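Student:
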Amino acid sequence: MRKDDLHAVASAPAEACAGRRGLLFVLSAPSGTGKTTLVGRLVERVPDLVRSRSYTSRGARPGEVDGVDYHFVAPARFRDMIAAGAFLEWADVFGRLYGTGAAETEGCRAAGRDVVLVIDVQGARQVRRQVQDAVSVFVLPPSFEALEERLRSRGREAAGGSDLERRLRTARQEVAMIDEYDYVVVNDEIDACVDRLRHIVLAERSRAAAMRERTRDIVETFRAVDSPLQRTGAD
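Taking our numbering, I'd label the letters of the sequence shown as residues -2 to 232.
(1) Identify whether Val172 lies in helix, strand or coil by the three-state DSSP scheme.
(2) Checking 7 angstroms against the spacing of the C-beta atoms, do Gly29 and Leu148 come in under that value?
(3) In this structure, how does DSSP classify Arg193 when only helix, strand and coil are distinguished?
(4) Taking the DSSP output, what are the residues bridged to Ser54?
(5) Between the Cα of Arg55 and those of Arg38, Phe91 and Leu35, spot the shortest distance and give me the residue it belongs to.
(6) Gly120 and Glu171: beta carbons closer than 7 angstroms?
(7) Taking the alpha helix (DSSP H) that Ser150 falls in, what are its first and last residues?
(8) What does the alpha-carbon distance come out to for the pair Val132 and Arg202?
(9) Give me the DSSP bridge partner(s) of Glu86.
(10) For a quick check, are the C-beta atoms of Val182 and Arg195 less than 7 angstroms apart?
(11) Kindly indicate which three-state DSSP category Asp130 falls into: helix, strand or coil?
(12) Taking a contact to mean a Cβ-Cβ separation below 7 angstroms, would you say Arg17 touches Val113 in this structure?
(13) Use the C-beta contact count for Gly104: other C-beta atoms within 10 angstroms, 16 or more gives buried, fewer gives exposed.
(14) Do you know how far the Cα of Phe75 is from the Cα of His68?
(15) Three-state secondary structure (DSSP) at Ser25?
(16) How far does the beta strand (DSSP E) with Asp111 in it extend, from its first residue to its last?
(17) Alpha carbon to alpha carbon, how far is Ser51 from Arg213? Give it in angstroms, no decimals.
(18) Go to Leu46, then tell me how far its alpha helix (DSSP H) extends in each direction, as first and last residue.
(19) Which of the three DSSP states, helix, strand or coil, is assigned to Phe135?
(20) Along the chain, where does the alpha helix (DSSP H) that runs through Val40 open and close?
(21) So what does DSSP say about Asp63, is it helix, strand or coil?
(22) Just to confirm, are Val115 and Val36 a CB contact at a threshold of 7 angstroms?
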């Protein structure tokens, strides 16, 4: 499996991607929609697409590895990073802080790799304000009932508990914002949804490549002329 850690890719040779600036994809979805699994499979199937590893102030859950699942930092350290302007975006999600490292993201894009951020709607709004060409995707569950069942089956939210109710209430608020996104896909079946996301990435790459080709032709008309005076025929 190809390693897709942001720190590794940002410092890796970029010969294969030379000449292009990487795209930035923003993916949001309600808690329990399966976004982590979706993006994990997506980066396996799409070359030169890497997932941003968010920083978080929460502790690691069983099986999570620092630098692989998240960059786990103490709350005080996270606040220091906010003050230093280290984040492209950050948000307080259910009392825990999450943020995207600005330097790592820019390093990957400068090296020609496309980056996908898995962030909530608060963070997505911040990114869209700062990165005008960001491509945003919202992933919907098949239905509200399906989402509730998924959350119950995860085991972290007790049936009928306050945490479950809070996540479902937040999901309704997030879904109300889907018109702000460029694309909306439904995760009704994991492989089909991954394929839809893959097609979005490839379509955006094709569009960006076509735009670069058009502008390159225009730039060449300027380079072909030694000076504006030569072009006009003036002495």
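Note that beta-carbon positions come from the ideal geometry of N, C-alpha and C, so glycine has one too. Predicted, not measured: the structure shown is a model, and the values here were computed from it.
Tutor: To lay it out plainly:
(1) helix
(2) yes
(3) helix
(4) Looking at the DSSP assignment, Ser54 forms no beta bridge with any residue, so it has no partner.
(5) Phe91
(6) no
(7) Phe141 to Arg151
(8) 11 angstroms
(9) Thr97
(10) no
(11) coil
(12) no
(13) buried
(14) 10 angstroms
(15) strand
(16) Asp111 to Val115
(17) 35 angstroms
(18) Leu46 -> not in any alpha helix (DSSP H); beta strand (DSSP E) instead, spanning Leu46 to Arg48.
(19) strand
(20) Lys32 to Arg42
(21) strand
(22) yes
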